[in-house]
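Residue numbers (numbering that gives the first Met the number 0): 0 to 110. Built from N, CA and C at the ideal position, the CB exists for glycine as well. All values reported here derive from a predicted model rather than from experimental measurement. Just below is one structure, and these are the notes that go with it.
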Amino acid sequence: MENVESYRQMIRQIISERAKIPYAYLDLELEPVFDRENDRYLLIVFGREDKKPVHFALIHVDIIEGKFWIRYDGTEEGVATDLLENGVPKEHIVLAFKSPEMRKYTEFAVC
Numbered sequence: 000m001e002n003v004e005s006y007r008q009m010i011r012q013i014i015s016e017r018a019k020i021p022y023a024y025l026d027l028e029l030e031p032v033f034d035r036e037n038d039r040y041l042l043i044v045f046g047r048e049d050k051k052p053v054h055f056a057l058i059h060v061d062i063i064e065g066k067f068w069i070r071y072d073g074t075e076e077g078v079a080t081d082l083l084e085n086g087v088p089k090e091h092i093v094l095a096f097k098s099p100e101m102r103k104y105t106e107f108a109v110c
């Protein structure tokens with residue numbers, strides 16, 4: 000659990016850096032959302048496409064029991080890649096967007 004605070008800082012930095020990259024397809028805004036109390040970290044995309052409102056999470060990562068749980072990752076490079084490049088061991092990364100049955104076939108943590 001000694002890594003939790005450094006993990007919090009790391010995911011905030013990763014998401015904040017991603018928020019600076021313009022959204023590729025439409026003129027939409029990106030906004031980091033950090034729920035520090037519940038260790039929930041998101042990158043929200045919002046705006047309008049023609050007259051329709053657009054709003055969705057591009058990234059959703061939780062920190063649970065000292066591990067990164069990647070709930071959703073709509074980026075091309077992948078948040079897991081960013082975490083690995085920052086020295087996070089694979090056993091501290093859960094690809095939560097995959098079913099528990101499928102996680103055992105990845106190189107990452109099952110839970």
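Since F45 and L27 should fall inside the 8 angstroms C-beta cutoff, what is the C-beta to C-beta distance between them, to a whole number of angstroms? About 6 angstroms; that satisfies the 8 angstroms criterion.
Is the beta carbon of D34 sitting closer than 9 angstroms to the one on Y40? Closer than 9 angstroms, so yes.
Between the Cα of F96 and the Cα atoms of N85, V87, F67 and E84, which residue gives the shortest distance? When each option's Cα is compared against that of F96, the closest is F67.
Suppose you measure from the CA of Y104 to the CA of S15; what does that come to, to the nearest Å? So the alpha carbons of these two residues sit roughly 31 angstroms apart.
Where N85 and E36 are concerned, what is the direct C-alpha to C-alpha distance, given to the nearest angstrom? For N85 and E36, the distance between alpha carbons rounds to 23 angstroms.
With DSSP run on the structure shown, which of helix, strand or coil describes L82? Note: L82 maps to helix in three-state DSSP.
Given a cut-off of 9 angstroms, decide if L82 and I10 are closer than it, judged by their beta-carbon atoms. Yes.
Selection from V32, C110, E64 and E75 that minimises the alpha carbon distance to A56: Measuring from the Cα of A56, the nearest candidate turns out to be V32.
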